[in-house]
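Student:
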Amino acid sequence: MIRIHVTSVPVDNQNKALKFYTEKLGFIKKTEVPLGEHKWLTVVSPNEQNGVELLLEPMGFEPARVYQKALKDAGIPYTSFMVADLNKEYERLIGTGVKFSMQPREMGPVKMAILDDTCGNNIQLIQML
Amino acid sequence: MNDSVTKTTKTYFEIQLDRLFKEHYLPEHYYVQVRQSKSFMEKYLSDKIELEKIASTAFMSRFHYTRIFKKVYGLSPRKYLRDLRLNKGKELLRQGLCISQVCFDVGYDSLPTFYNAFKKATGYSPKEYQTLNKSNLE
Numbered sequence: 000m001i002r003i004h005v006t007s008v009p010v011d012n013q014n015k016a017l018k019f020y021t022e023k024l025g026f027i028k029k030t031e032v033p034l035g036e037h038k039w040l041t042v043v044s045p046n047e048q049n050g051v052e053l054l055l056e057p058m059g060f061e062p063a064r065v066y067q068k069a070l071k072d073a074g075i076p077y078t079s080f081m082v083a084d085l086n087k088e089y090e091r092l093i094g095t096g097v098k099f100s101m102q103p104r105e106m107g108p109v110k111m112a113i114l115d116d117t118c119g120n121n122i123q124l125i126q127m128l
Numbered sequence: 000m001n002d003s004v005t006k007t008t009k010t011y012f013e014i015q016l017d018r019l020f021k022e023h024y025l026p027e028h029y030y031v032q033v034r035q036s037k038s039f040m041e042k043y044l045s046d047k048i049e050l051e052k053i054a055s056t057a058f059m060s061r062f063h064y065t066r067i068f069k070k071v072y073g074l075s076p077r078k079y080l081r082d083l084r085l086n087k088g089k090e091l092l093r094q095g096l097c098i099s100q101v102c103f104d105v106g107y108d109s110l111p112t113f114y115n116a117f118k119k120a121t122g123y124s125p126k127e128y129q130t131l132n133k134s135n136l137e
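Top to bottom, those sequences are chains Z and X.
Going by numbering that gives the first Met the number 0, the final residue of the first sequence carries number 128, and the count climbs one at a time with no gaps.
Going by numbering that gives the first Met the number 0, the final residue of the second sequence carries number 137, and the count climbs one at a time with no gaps.
What follows is the structure, given as structure tokens:
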């Protein structure tokens with residue numbers, strides 16, 4: 000059966016990204032394989048350590064940088080993560096210095112907020128209501 | 000506004016959200032009613048609950064409820080309840096509970112039905128899933 004094994008976010012600096020995604024967001028490092036000047040670097044959710052891996056992908060392709068910046072400037076999230084309690088997570092992240100471009104707001108069946116991952120991306124946090 | 004929110008004007012994304020919300024969303028009371036039924040499913044997922052009963056917690060007929068639920072969450076209430084049960088099952092398996100216990104705790108009354116639903120949803124049998132996740136924690 001086919002399944003989603005890995006998805007990715009482009010990052011401007013892999014070490015900085017690993018620090019943000021583990022220390023601030025709470026993911027766990029799964030693999031770190033050196034690949035020339037970069038590495039194959041993935042993180043997973045603590046609750047799904049055998050689940051989908053998030054690849055912190057080095058931004059080595061110039062047109063991708065343009066695309067990433069356009070999304071960032073328009074406030075469009077590059078990807079989305081789910082949390083159980085958005086308000087609680089929002090307060091926790093603000094306490095650690097994370098910047099949000101959109102505070103939690105309800106929209107029909109979901110509550111959402113958007114944060115800056117400091118690596119060039121807007122990241123959406125979602126809570127299903 | 001909180002200091003950690005870095006801008007004062009709306010982004011393109013937020014403007015699009017506002018437009019979508021205005022043009023396509025259902026009246027607020029539908030969301031409230033459907034959320035009630037969702038909470039009911041979460042609370043009683045280990046019991047045998049009929050769709051009729053779930054719909055009644057949203058104050059809707061079964062047919063109307065199914066239609067609204069699907070419009071709000073993108074899947075039928077039956078599928079939602081199945082996913083809810085299987086996610087809870089995954090959580091209990093990760094905690095190391097025995098498979099038959101997990102099966103009954105998440106509202107299945109037969110092991111083969113639980114096994115098939117779990118395998119179909121995750122690609123793993125409950126035993127394989129438990130082994131994989133236990134070894135991950137080591």
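Glycine included, C-beta positions come from ideal geometry on N, C-alpha and C.
#1: I need the straight-line Cα distance from Lys98 of chain Z to Asn49 of chain Z, nearest angstrom please.
#2: Less than 7 Å between C-beta atoms, sequence neighbours within five positions excluded: which residues of the same chain meet that for Ser45 of chain X?
#3: On the CB-based measure, 16 or more other CB atoms within 10 Å of its CB, does Lys21 of chain X come out buried or exposed?
#4: On the DSSP bridge list, what partners appear for Asn121 of chain Z?
#5: Could you check whether the Cβ of Tyr79 of chain X sits closer than 8 Å to any Cβ belonging to chain Z?
#6: Note down, in chain order, every chain X residue with its Cβ under 7 Å from the Cβ of Gly74 of chain Z.
#7: Determine, using beta carbons only, whether Met0 of chain Z comes closer than 8 Å to chain X.
#8: Does the segment 17-36 of chain X come into contact with the segment 28-48 of chain Z, if we say contact requires no fewer than three beta-carbon pairs (one atom in each stretch) closer than 8 Å?
#9: If you draw a straight line from the alpha carbon of Glu36 of chain Z to that of Thr95 of chain Z, how long is it in whole angstroms?
#10: Would DSSP call Met0 of chain X helix, strand or coil?
#11: According to DSSP, is Ser99 of chain X helix, strand or coil?
#12: Under 8 Å between C-beta atoms, does Arg18 of chain X make it to chain Z?
#13: Return the residues of the segment 102-132 of chain X that lie within a Cβ-Cβ distance of less than 7 Å from chain Z, sorted by chain order.
#14: Taking the alpha helix (DSSP H) that Ile14 of chain X falls in, what are its first and last residues?
#15: What residues in the segment 27-45 of chain X bring their beta carbon closer than 7 Å to a beta carbon of chain Z?
#16: With a Cβ-Cβ cutoff of 8 Å, do Ile125 of chain Z and Gly74 of chain Z count as a contact?
Tutor: By the coordinates alone:
#1: 30 Å
#2: Asp104, Val105 and Gly106
#3: exposed
#4: Z:Asp115
#5: no
#6: Thr10, Tyr11, Phe12 and Glu13
#7: yes
#8: no
#9: 30 Å
#10: Annotation note: pLDDT 48 at Met0 of chain X (below 50); position unreliable, no value reported.
#11: helix
#12: no
#13: Gly122, Leu131 and Asn132
#14: Tyr11 to His23
#15: Tyr30 and Arg34
#16: no
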